[in-house]
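Protein chains in written order, with this note's numbering: chain A, 1187 to 1301; chain B, 13 to 125.
Where is the CB? At the ideal position from N, CA and C, for every residue including glycine.
Keep in mind the model is a prediction, meaning the values are calculated, not measured.
First the structure, in the form of structure tokens, and then the observations on it.
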């Protein structure tokens, strides 16, 4: 069974379109995240949710809107896609990130290409 | 504020040689430190972590790291590299009460036959 799953794995779209990426974890974790990894492999946190509540919003453009319908799901919707949004997006989860020492479990990533 | 610096964006070793990947951190509070590995086209997975217990931490696949407070370092080592170790390695830092883990820029490890 996959612990953290993301769909789709690949997403190719035109500038200006709107797209969504879905994430689900079956680990029973309280905290979920979205990260963006650029072409140089730099990993930057975008959002963090704890028990469906937004905890971290790292100065991400408001074209990006996360939604957490329940503790096991954290989706990412992106409006008006731009070339610079091309990256690999990772979803992750951890048991209780307030502890700070909990391991994060990452999904396989969604490679977004904006043409 | 916390930060992580990984020295060397690329490290190349021969199979069977020692692997040493360097990580220095900055933190105004006691840190928790992590090493994650990313194989091509995969997500990150935990290699090992320091959570204020033993300063020498052993992880999976024969890796270990030592927390040195005086040097603010958490270098990753493996005595003998294997071809399957070729991957991207990330050092990361967090702390109690913080919801954010800060990742370093990553070090790509190449293993030559």
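Option nearest residue i by Cα separation, candidates the options
i	options	result
residue 105 of chain B	A:1282, A:1213, A:1279 and A:1288	A:1288
residue 16 of chain B	B:26, B:28, B:32 and B:46	B:46
residue 1194 of chain A	A:1254, A:1203, A:1207 and A:1278	A:1207
residue 1237 of chain A	B:116, B:90, B:41 and B:111	B:111
residue 23 of chain B	B:109, B:88 and B:14	B:88
residue 43 of chain B	B:122, B:67, B:94 and B:18	B:67
residue 57 of chain B	B:109, B:117, B:100 and B:125	B:100
residue 1274 of chain A	A:1256, A:1282, A:1226 and A:1244	A:1226
residue 1297 of chain A	A:1239, A:1249, A:1285 and A:1270	A:1270
residue 77 of chain B	B:52, B:122 and B:33	B:33
Inter-residue CB distance, residue i and residue j (contact presumed, cutoff 8 Å)
i	j	result
residue 55 of chain B	residue 119 of chain B	Actually they are not in contact, since the Cβ atoms of residue 55 of chain B and residue 119 of chain B sit about 17 Å apart, beyond 8 Å.
residue 1246 of chain A	residue 1268 of chain A	So it is not a contact: roughly 13 Å between Cβ atoms.
residue 107 of chain B	residue 64 of chain B	Their Cβ separation, rounded to whole angstroms, is 10 Å, which puts residue 107 of chain B and residue 64 of chain B out of contact at 8 Å.
residue 18 of chain B	residue 117 of chain B	6 Å
residue 1254 of chain A	residue 1260 of chain A	5 Å
residue 59 of chain B	residue 75 of chain B	5 Å
6 Å Cβ shell around residue i - same chain, five flanking residues per side excluded
i	result
residue 85 of chain B	36
residue 113 of chain B	104 and 106
residue 14 of chain B	39, 105 and 114
residue 29 of chain B	93
residue 90 of chain B	31, 74 and 75
residue 1198 of chain A	1299
Cβ-based burial, residue i [other Cβ within 10 Å; buried from 16]
i	result
residue 1210 of chain A	buried
residue 1188 of chain A	exposed
residue 1264 of chain A	buried
residue 1196 of chain A	exposed
residue 96 of chain B	exposed
residue 1201 of chain A	exposed
residue 1240 of chain A	exposed
Close-in-space but distant-in-sequence residues of the same chain around residue i (CB under 8 Å, 5 per side omitted)
i	result
residue 1291 of chain A	1189, 1190, 1211, 1213, 1215, 1278, 1279 and 1280
Contacting residues, own chain, Cβ-Cβ under 7 Å from residue i (five flanking each side not counted)
i	result
residue 1276 of chain A	1221, 1223, 1292, 1293 and 1295
residue 1243 of chain A	1233
Counting only runs that start and end within the segment 1187-1236 of chain A, where is the alpha helix (DSSP H) found for 4 or more residues in a row?
none
Enumerated in chain order, which unbroken segments of the beta strand (DSSP E) with a length of 3 residues or greater are wholly contained in the segment 61-98 of chain B?
Entirely contained in the segment 61-98 of chain B, the beta strand (DSSP E) runs reaching 3 residues are, in chain order, 68-70, 76-80 and 85-90.
What are the start and end residues of each continuous beta strand (DSSP E) run of 3 or more residues lying completely inside the segment 16-63 of chain B, in chain order?
22-26, 31-38, 44-50 and 56-62
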